[in-house]
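Structure first, commentary second.
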Amino acid sequence: MRPLQILHPLLVVALGSLAVCENIDSLASPPALPPASKPYTLNLSCAQCAFTYGDCVNSVQLPSFLTITFSTQNDTLLANDKIIFPTPFPMEFNAKRTTDSNIEDSVPVAYALDAQPLPHQPDAELNDLYRLKLTFVDLQGRTATESPVSLGLVRDADGNLKIISVEEGRPHRRFHHHHHHGENSGGGSWWHLKTWKAAYLRYLHRMTHSRHCRDGSVRVGPAKDGVESRCHRHQRVSDWAGDRHYMRHLRPVLLPALMGMVAGIIACIAGFILGKVMVATFYCFRGRRAAGAGRRCPDICIEVDEDQED
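In case it helps, mature numbering (1 follows the signal peptide of the UniProt record, and there is no 0) puts the sequence shown at residues -21 to -1, 1 to 289.
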């Protein structure tokens, strides 16, 4: 019993030091994102002509919506208990469709997935951070929902995926998980900060490419603020002549005009030549007729004079 009594204070001191070390590490390291611990369900409005197997012209459909539940299991993302990330084959799952008249049925839904890695917080206990964009279609290739869905996924130290954000494509309909672990946790603000930072970097990348205008172009707009700046070209006659788009619109007007002008010139030349020939022919026949009449008159006059002398 005596050795146990001696070791007991040592164990208490050791456990206390471990707890203090953990608190110090948690304060020194940036706050980690609290992952979602339960599935997230979305009711997405169906697009027009979705799940219409046939001609969609003049078809009348009742308003309906799809119910899709997103969850994670180990290192996979599930939609209605079907793995969608990492992407399997075929890329489809079944979803419950409900109309306004409470008619429910199950429909097959295919999807297109766009995975985009996001910059994660340095020195944080986070491995990979993804932003997934899901576009749902039916088996005919038509759009199934009115808006896509974006998901934020994080991979923890154990390699498991966790959902940290779910939102529809429209900006005014955003859905997030909120976990209150204290006022200074900063998990949600950290996620928004990193998302806006990634969007800002993409914006700067686009603006950097847009500043390289063509030769002979002039930049219009504020010098430092690139939002309103744009490239304006002073078009010359040679530019318009070499512009394919301009010639494409001008060709249907120029060709008929040129053909009409050529036809008019040919008609004028043919009419001029034909008129000249007709006038020359007329004068030729009239001259011959006059010459023939002049030769007959003297003979007649001479014959009359000879009769009178007899």
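Think of the CB as a built atom: it goes at the ideal place given N, C-alpha and C, for glycine as much as any other residue.
Cβ pair residue 26, residue 124 closer than 7 Å
By 1-based counting over the sequence shown, the position of residue 26 is 47. By 1-based counting over the sequence shown, the position of residue 124 is 145. Yes. Within cutoff.
6 Å CB neighbourhood of residue 55 in its chain, flanking five on each side removed
One-based indexing of the sequence shown puts residue 55 at position 76. So the qualifying residues of the chain are 62.
Report the three-state DSSP secondary structure of residue 25 (helix, strand or coil).
Counted from its first residue, the sequence shown places residue 25 at position 46. Note: residue 25 maps to strand in three-state DSSP.
Residue 19 in three-state terms, based on DSSP
Looking up residue 19 in the sequence shown gives position 40. Residue 19 falls in the strand class under three-state DSSP.
Put residue 131 into one of helix, strand or coil per three-state DSSP.
If you number the sequence shown from 1, residue 131 lands on position 152. Strand, per DSSP.
By alpha-carbon positions, which one of 69, 29, 93 and 121 ends up nearest to residue 78?
Counting from 1 along the sequence shown, the entry for residue 78 is found at position 99. Minimum Cα distance to residue 78 is reached at 29.
Kindly indicate the opening and closing residues of the beta strand (DSSP E) around residue 90.
Working through the sequence shown from its first residue, we reach residue 90 at position 111. Residue 90 -> beta strand (DSSP E) spans 83 to 96.
Note the first and the last residue of the continuous beta strand (DSSP E) segment covering residue 140.
Along the sequence shown, one-based indexing puts residue 140 at 161. Looking at the DSSP string, the run of the beta strand (DSSP E) that includes residue 140 is 140 to 147.
Identify which residue in 84, 136, 81 and 141 has its Cα closest to the Cα of residue 110.
On the sequence shown, residue 110 is found 131 positions in, with the first residue counted as 1. Out of 84, 136, 81 and 141, 141 has the C-alpha closest to the C-alpha of residue 110.
Please classify residue 51 as buried or exposed, where buried requires at least 16 other C-beta atoms within 10 Å of its C-beta.
Translated into the one-based positions of the sequence shown, residue 51 becomes position 72. Counting Cβ neighbours within 10 Å, residue 51 comes out buried, since at least 16 surround it.
Express the C-alpha separation of residue 32 and residue 92 in angstroms, rounding to a whole number.
Mapped onto the sequence shown, residue 92 falls at position 113. Mapped onto the sequence shown, residue 32 falls at position 53. If I take the Cα positions, the gap works out to 23 Å.
Roughly how many angstroms separate the alpha carbons of residue 65 and residue 117, rounded to a whole number?
Taking the first residue of the sequence shown as 1, we reach residue 65 at position 86. Taking the first residue of the sequence shown as 1, we reach residue 117 at position 138. Near 20 Å, if we compare the C-alpha coordinates of residue 117 and residue 65.
Grouping DSSP H, G and I as helix and E and B as strand, with all else coil, what is residue 230?
Position 251 of the sequence shown, counted from the first residue, corresponds to residue 230. Looking at residue 230 - three-state DSSP - the assignment turns out to be helix.
What's the gap between the Cα of residue 89 and the Cα of residue 148?
Translated into positions along the sequence shown, residue 89 becomes position 110. Translated into positions along the sequence shown, residue 148 becomes position 169. One C-alpha to the other measures close to 17 Å.
Whose C-alpha, out of 112, 67 and 107, is nearest the C-alpha of residue 137?
In the sequence shown, the residue the question calls residue 137 occupies position 158. The shortest C-alpha separation from residue 137 is found at 107.
Is it buried or exposed for residue 145, if we count other Cβ within 10 angstroms and need 16 for buried?
Position 166 of the sequence shown, counted from the start, is the residue given in the question as residue 145. Buried, by the Cβ-count rule.
According to DSSP, is residue 41 helix, strand or coil?
Here the question's residue 41 lines up with position 62 in the sequence shown. Residue 41: coil per DSSP, three-state reduction.
Provide the residue span of the beta strand (DSSP E) that contains residue 31, from first to last.
The count along the sequence shown starts at 1 and reaches residue 31 at position 52. No beta strand (DSSP E) contains residue 31, which DSSP labels as neither H nor E.
Please report the residue range of the beta strand (DSSP E) in which residue 55 lies.
Counting from one through the sequence shown, the residue named residue 55 turns up at place 76. Its beta strand (DSSP E) spans residues 55 to 58.
In the DSSP assignment, find the beta strand (DSSP E) that holds residue 111 and state where it starts and stops.
Taking the first residue of the sequence shown as 1, we reach residue 111 at position 132. 108 to 116 is the extent of the beta strand (DSSP E) around residue 111.
Between 246, 255, 20 and 251, which has its C-alpha nearest residue 75's C-alpha?
Numbered from 1 along the sequence shown, position 96 holds the residue referred to as residue 75. Comparing Cα positions, the closest option is 20.
For residue 128 versus residue 143, is the C-beta distance shorter than 7 Å?
Locating residue 128 in the sequence shown gives position 149, where the first residue counts as 1. Locating residue 143 in the sequence shown gives position 164, where the first residue counts as 1. Not a contact, by the Cβ cut-off of 7 Å.
Beta bridge counterpart(s) of residue 71 as assigned by DSSP
For this step, residue 71 is matched to residue 92 along the sequence shown. DSSP output for residue 71 lists 89 as bridge partner(s).
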